[in-house]
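> In my numbering, the protein residues as written are 231 to 501.
Shown below is the structure under consideration.
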Amino acid sequence: MNGVPAPDRYVPDHYWEDRARRFAAQGSGLAAVCSYGMPEFYNRMIHWSQYLALRPWLDIEPGTRVLDVGCGVGRWSSLLAQRGGVVTGMDLSPTMIAEAQRRAEVKGVASRCRFLVQDLAQLDAGEAFDLIVGVTVLQHILDPKALRSAVQRMADHLAPGGRMVLLEAAPATIAEHCDTTVFRARQRHVYLDLFKQTGFELRAISGVDPAPFKTWLLPHLRGLPRALGMSALAGVTLLSTPIDVLFGRFAVQRSWHAVFVLQRTGDDHAA
231 MNGVPAPDRY
241 VPDHYWEDRA
251 RRFAAQGSGL
261 AAVCSYGMPE
271 FYNRMIHWSQ
281 YLALRPWLDI
291 EPGTRVLDVG
301 CGVGRWSSLL
311 AQRGGVVTGM
321 DLSPTMIAEA
331 QRRAEVKGVA
341 SRCRFLVQDL
351 AQLDAGEAFD
361 LIVGVTVLQH
371 ILDPKALRSA
381 VQRMADHLAP
391 GGRMVLLEAA
401 PATIAEHCDT
411 TVFRARQRHV
421 YLDLFKQTGF
431 ELRAISGVDP
441 APFKTWLLPH
451 LRGLPRALGM
461 SALAGVTLLS
471 TPIDVLFGRF
481 AVQRSWHAVF
491 VLQRTGDDHA
501 A
C-alpha cells in the first residue's frame, strides 16, 4: 500500500473516525496516528523520531496534570501516566478514544487516565493542566479561525507555571508540494506568530527530522508502482533514520517538523 489517498473533501470528524476504524486497533495503531496507511516500518520510524524529539520534555513529576490533545490511540497519554502523570486525553474520534482507553487498561494505567471526545477548537476539559502535549494536531486544522481557537483554548487550560509542548510540521521554508486536503505544512513563522498573538512565549525549539529524503519522495510515491514505491520508501527510511536520530533535535532550521516549548507570556515559574 502506498499510503491512503487524501479525500477530495475533508470533514474532520468523519475523516478521523474512518481512519480510526480502519487502523486504530491494528498492532500499535500507528497507521491511524502517524502516516495514514503507510507500512509499519515507516510509521515506527516516525514514532521513534517523535519520541526522541519529545523525550526531554516528558520527564514529569508524579501527580503532574497532563492534557494530551489529539491523543489518538493514547500513545503519549499512556506513557505519561506510566511516569506518574494524571492524564486527560482528548480526540475528535470516538473510536480513537475507545482504543486509547483500552490500551490504557492493558498497560495498567487506566486509573490515571480519562479520555474525552471533543473538538480542540471548542475544548472544555473542566480544569487546568501543568503540561499540555500535542503531536501533529494543528497541522490538520485547516481553517484559520479554528486553528486560532484551538491554540487559544489550550492557552486557557494551561495552569500558572505550566508548559505546552507541541510537535508540528513546521518547515522553515515553504513546502506546499507536500500539502494535501487534510494537511498543511505551515511555515514555522506562522505558528510562532500565532503563539505570540495568543499569549505565549517560546521557551525552546528543537528539530525532529532534518533528513530531506522523505519530503523528496512522498509527493511522488502514489504515482509509482507498488513494488517500486515500497522499495523507495524502505530506502529513504534507511537513509533518514540515522540522520534524524543523531541530528534531529539540533538541526532545527533543516528539520521538517519542530517541537515548540511554550509558556504563557510573563510566566516565569515553569521549569
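From the three backbone atoms N, C-alpha and C, an ideal C-beta is built for every residue, glycine too.
In whole angstroms, what separates the C-alpha of residue 402 from that of residue 445?
The residue you call residue 402 lines up with position 172 of the sequence shown. The residue you call residue 445 lines up with position 215 of the sequence shown. Each residue's alpha carbon lies about 14 Å from the other.
> From residue 352 to residue 461, what does the alpha carbon distance come to, in whole angstroms?
To locate residue 352, count along the sequence shown from 1; it is residue 122. To locate residue 461, count along the sequence shown from 1; it is residue 231. In a straight line, the C-alpha of residue 352 is about 42 Å away from that of residue 461.
> Mind checking who residue 399 pairs with in its DSSP beta bridge?
Position 169 of the sequence shown, counted from the first residue, corresponds to residue 399. Answer is 487, bridged to residue 399.
> In terms of alpha-carbon separation, which member of 363, 256, 371 lies closest to residue 385?
Here residue 385 refers to the residue found at position 155 when the sequence shown is read from its first residue. Ranking the options by Cα distance to residue 385, first place goes to 363.
> Would you check if the distance between the CB atom of residue 389 and the CB atom of residue 358 is smaller than 8 Å?
Working through the sequence shown from its first residue, we reach residue 389 at position 159. Working through the sequence shown from its first residue, we reach residue 358 at position 128. A contact, by the Cβ cut-off of 8 Å.
> Among 356, 333, 336, 327, which residue has its Cα nearest to the Cα of residue 345?
Sequence index remark: in the sequence shown, residue 345 carries index 115 (1-based). Closest by alpha carbon: 327.
> Span of the alpha helix (DSSP H) holding residue 379?
On the sequence shown, residue 379 is found 149 positions in, with the first residue counted as 1. Unbroken alpha helix (DSSP H) run through residue 379: 374–386.
> Under 8 Å: do the segment 296–304 and the segment 360–375 share three or more Cβ pairs, one atom per stretch?
Yes, the segment 296–304 touches the segment 360–375.
> I'd like the span of the beta strand (DSSP E) that includes residue 480, first residue to last.
Counting from 1 along the sequence shown, the entry for residue 480 is found at position 250. That residue, residue 480, is in no beta strand (DSSP E); it is neither H nor E in DSSP.
> Residue 431 lies in the beta strand (DSSP E); which residues open and close that run?
In the sequence shown, the residue the question calls residue 431 occupies position 201. 430–437 is the extent of the beta strand (DSSP E) around residue 431.
> Express the C-alpha separation of residue 309 and residue 337 in angstroms, rounding to a whole number.
Sequence index remark: in the sequence shown, residue 337 carries index 107 (1-based). Sequence index remark: in the sequence shown, residue 309 carries index 79 (1-based). Going from the Cα of residue 337 to the Cα of residue 309 covers about 9 Å.
> Between residue 438 and residue 270, what straight-line distance do the alpha-carbon atoms span, to the nearest angstrom?
Counting from one through the sequence shown, the residue named residue 438 turns up at place 208. Counting from one through the sequence shown, the residue named residue 270 turns up at place 40. So the alpha carbons of these two residues sit roughly 19 Å apart.
> Does residue 460 come out as helix, strand or coil in the three-state DSSP assignment?
As a working note, residue 460 is residue 230 in the sequence shown. Correct three-state label for residue 460: helix.
> Under 8 Å by Cβ, that's how I've got residue 287 and residue 395 pegged, so tell me the actual separation to the nearest angstrom.
Within the sequence shown, numbered from 1, the residue matching residue 287 stands at position 57. Within the sequence shown, numbered from 1, the residue matching residue 395 stands at position 165. So it is a contact: roughly 5 Å between Cβ atoms.
> Would you mind sorting residue 488 into buried or exposed? The rule is 16 or more other CB atoms within 10 Å of its CB.
As a working mapping, residue 488 is identified with position 258 in the sequence shown. Flag for residue 488 reads buried.
> Classify residue 260: buried if its beta carbon has 16 or more other beta carbons within 10 angstroms, exposed otherwise.
The residue you call residue 260 lines up with position 30 of the sequence shown. The residue in question, residue 260, is buried, as its Cβ has 16 or more Cβ neighbours within 10 Å.
> With DSSP as the reference, identify every bridge partner of residue 365, one or two as the case may be.
If you number the sequence shown from 1, residue 365 lands on position 135. According to DSSP, which records beta bridges pairwise, residue 365 is partnered with 397.
> On the premise that residue 291 lies in contact with residue 319, defined as a C-beta separation below 8 Å, what is that separation, rounded to the nearest angstrom?
As a position in the sequence shown, residue 319 is number 89, starting the count at 1. As a position in the sequence shown, residue 291 is number 61, starting the count at 1. No, residue 319 and residue 291 are not in contact; Cβ-Cβ is about 19 Å, not under 8 Å.
> Comparing alpha-carbon positions, which option in 476, 242, 469 lies nearest residue 350?
Position 120 of the sequence shown holds residue 350. Minimum Cα distance to residue 350 is reached at 242.
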